[in-house]
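A short write-up of the structure that comes next.
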Amino acid sequence: MNHEIVESFAQMVREKGIDKDILVGIVEDIFGMMVKKKYGLEAKYDVVVNMDKGDIEIYLEKAVVETVQDASTQIELKEARKKSGEDIEVGEEFVEIVPLESFGRRLVISAKQNLNQRIKEIEREAIYNEYTGSIGEIVVGEIYQIRKGKGEILVLHNKNELILPRSEQIYKERYKKGDTIRAIVKEVRKGAGNPVVIISRTDPQFLMRLFEVEIPEIYDGIIEIKRIAREPGDRAKVAVVSHDDRIDAVGACVGMKGVRIHAIVRELNNENIDVINFTEDPNVFITRALAPAKLKELQVDNENKKATVLVANDQVSLAIGKNGQNVRLASKLTGFEIQVLKEGGEDEYDMDLSEFREELGELLFHKFFDEGYETVRDVLQAKPELLVETFGLEREKIDEIVAMLKKGLEEAEIEDEDESVTVPSAQPTKAAEQPSEPVSSENGAGESAQAETEEKTKEKPSGE
Numbered sequence: 343m344n345h346e347i348v349e350s351f352a353q354m355v356r357e358k359g360i361d362k363d364i365l366v367g368i369v370e371d372i373f374g375m376m377v378k379k380k381y382g383l384e385a386k387y388d389v390v391v392n393m394d395k396g397d398i399e400i401y402l403e404k405a406v407v408e409t410v411q412d413a414s415t416q417i418e419l420k421e422a423r424k425k426s427g428e429d430i431e432v433g434e435e436f437v438e439i440v441p442l443e444s445f446g447r448r449l450v451i452s453a454k455q456n457l458n459q460r461i462k463e464i465e466r467e468a469i470y471n472e473y474t475g476s477i478g479e480i481v482v483g484e485i486y487q488i489r490k491g492k493g494e495i496l497v498l499h500n501k502n503e504l505i506l507p508r509s510e511q512i513y514k515e516r517y518k519k520g521d522t523i524r525a526i527v528k529e530v531r532k533g534a535g536n537p538v539v540i541i542s543r544t545d546p547q548f549l550m551r552l553f554e555v556e557i558p559e560i561y562d563g564i565i566e567i568k569r570i571a572r573e574p575g576d577r578a579k580v581a582v583v584s585h586d587d588r589i590d591a592v593g594a595c596v597g598m599k600g601v602r603i604h605a606i607v608r609e610l611n612n613e614n615i616d617v618i619n620f621t622e623d624p625n626v627f628i629t630r631a632l633a634p635a636k637l638k639e640l641q642v643d644n645e646n647k648k649a650t651v652l653v654a655n656d657q658v659s660l661a662i663g664k665n666g667q668n669v670r671l672a673s674k675l676t677g678f679e680i681q682v683l684k685e686g687g688e689d690e691y692d693m694d695l696s697e698f699r700e701e702l703g704e705l706l707f708h709k710f711f712d713e714g715y716e717t718v719r720d721v722l723q724a725k726p727e728l729l730v731e732t733f734g735l736e737r738e739k740i741d742e743i744v745a746m747l748k749k750g751l752e753e754a755e756i757e758d759e760d761e762s763v764t765v766p767s768a769q770p771t772k773a774a775e776q777p778s779e780p781v782s783s784e785n786g787a788g789e790s791a792q793a794e795t796e797e798k799t800k801e802k803p804s805g806e
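Numbering (this note's numbering), first residue to last: 343 to 806.
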């Protein structure tokens, strides 16, 4: 029986990776409790566990006396001599080996349950400590379950279950069972069962760790990532600085023909990445952060962390970006609230009212035209009361028309901006023309990072 118990413990050591000394300590505690239950709290005992030989021995110590007053700690002289076969005297210590069978089946089962419970607690603590120490580090696991209701993905890593919540997934990605996935450990929470380990692919720190993996200079500390602003799956801006004057930070991050940055872009499902040089000068930093747009004028309020940017009409879409993405990321990166103004700000995007001829209907369209409303903004800038009076329509109907025209104008303006943004993004020389910037790889490489990533890895690296 001893050998079977110890062998089961040895198997736990092998399968669960529990430290042998810790397990021995637990076994000694459990059998010590068994001795106390049977012989009383005052009993003197010693539990010896030998994992190598497969033995558990329990030694019970009692004082030899003429008359027993406490059976848990004393033994009569006659009985001691009989059990030991030796000529023992009163006052000496009598030690006997207690066989496990003497404890009874119920007590042994109870001990086994206690042991399993203690081992589970150790496993949980080990998992918690392992992943708490890995917060912010990349783990590689295999997807083994996708919960469609919650959208959670369960990932197996070192036989432990990690959770990738929907909120930590890149929205454009589609996952399959059996796929290998990389993410960072974001949070570890203790629960009723095993610790809950949350991993993330959207956290900015995941992007930082990918840079460390792909760019040796960052891993070695020669180049430092100062700030990251990211909208996962779409675009990110990374500010870097070199601690070695001989190494160009942006150029090292981009790599020859963009080979280094492309590896990161592919991992992030073609997320565009702009790499720029960091500087403490807010004017220069904001200018770089808004690349590829060229700025006419920049006013910075350092106290209130606000900046106003004036750009030419043909640069507005570049400065703002798709759905305001460029200026939003630039604000996050620099820490300034950035407002973009057009040069000659009275010029606003407008559309001919004939674009909505079908929606308005022929009769109403001609009524608008006859009254001098030739563009969408002519209608939007008119007071609703005046439109009701002029066209004899209900206020509710006028509100519907205005809402329809406003929505159509906004959508058309966004589409027009999107088309404008894609043209200059493939021309890496433009960033070198930024004000107060040297014509060097400092800005040129930064823009090339953007241009290279937006090509979405069209050209294959030629063995760099």
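Yeah, the Cβ is synthetic: ideal placement off N, Cα and C, and Gly gets one too.
Where does residue i fall in DSSP's three states?
i, result
"E484", "strand"
"N646", "coil"
"L683", "strand"
"D361", "coil"
"R577", "strand"
"S414", "coil"
"K638", "strand"
"T676", "helix"
"L705", "helix"
"I560", "helix"
"A534", "coil"
"V432", "coil"
"A591", "helix"
"S659", "helix"
"I512", "coil"
"K518", "coil"
Can you grab the Cα-Cα spacing for the pair residue i / residue j, in whole Å?
i, j, result
"T474", "V653", "48 Å"
"L504", "P546", "19 Å"
"E510", "T544", "5 Å"
"V730", "L632", "44 Å"
"N392", "E403", "20 Å"
"D720", "D741", "15 Å"
"Y486", "N536", "18 Å"
"T650", "V642", "7 Å"
"T771", "G597", "At T771 the pLDDT is 28, less than 50, meaning the model places this residue with poor confidence and gives no usable figure here."
"E408", "N456", "39 Å"
"D361", "A661", "59 Å"
"A791", "F711", "Per-residue confidence for A791 stands at a pLDDT of 44, beneath the threshold of 50, marking its modelled position as unreliable; no derived number is given."
"A635", "N655", "11 Å"
"V390", "G374", "10 Å"
"K748", "F548", "40 Å"
"E713", "V744", "16 Å"
"L671", "G575", "13 Å"
"K514", "N612", "10 Å"
"I615", "K647", "25 Å"
"A594", "G491", "43 Å"
"E428", "E418", "14 Å"
"V555", "Y561", "7 Å"
"F707", "R699", "6 Å"
"F733", "E753", "26 Å"
"E679", "G666", "13 Å"
Terminal residues of the continuous alpha helix (DSSP H) containing residue i?
i, result
"D545", "Premise fails: D545 is in no alpha helix (DSSP H) and is neither H nor E."
"N458", "R447 to T474"
"N625", "P624 to A631"
"L729", "P726 to F733"
"R602", "V601 to E609"
Please tell me whether residue i and residue j are closer than 8 Å, where the distance is taken between their beta carbons.
i, j, result
"G382", "S414", "yes"
"I540", "K528", "yes"
"E479", "I439", "no"
"I464", "I372", "no"
"L610", "I512", "yes"
"E370", "A405", "no"
"I565", "S584", "yes"
"V669", "V617", "no"
"R524", "V580", "no"
"R516", "G493", "no"
"T807", "E573", "With the chain represented from 343 up to 806, any question about residue 807 goes unanswered, as that position is not in the structure."
In the DSSP assignment, what are the bridge partners of residue i?
i, result
"Y401", "D388 and I439"
"E503", "L498"
"T717", "D694"
"V651", "L640 and V682"
"D566", "Checking the sequence, you will find Glu at residue 566 rather than Asp. In the DSSP output, where bridge partners are listed per residue, E566 has V583."
"V329", "With the chain covering only 343 through 806, there is no way to say anything about residue 329."
"V539", "L504 and V530"
"R572", "A578"
"I477", "V527"
Considering just the uninterrupted stretch of the beta strand (DSSP E) at residue i, what are its terminal residues?
i, result
"I526", "T522 to R531"
"N619", "N614 to N619"
Is residue i near the ligand ATP, going by C-beta to nearest heavy atom under 7 Å?
i, result
"Q455", "Absence of the ligand ATP is noted for the structure shown, with no ligands found whatsoever."
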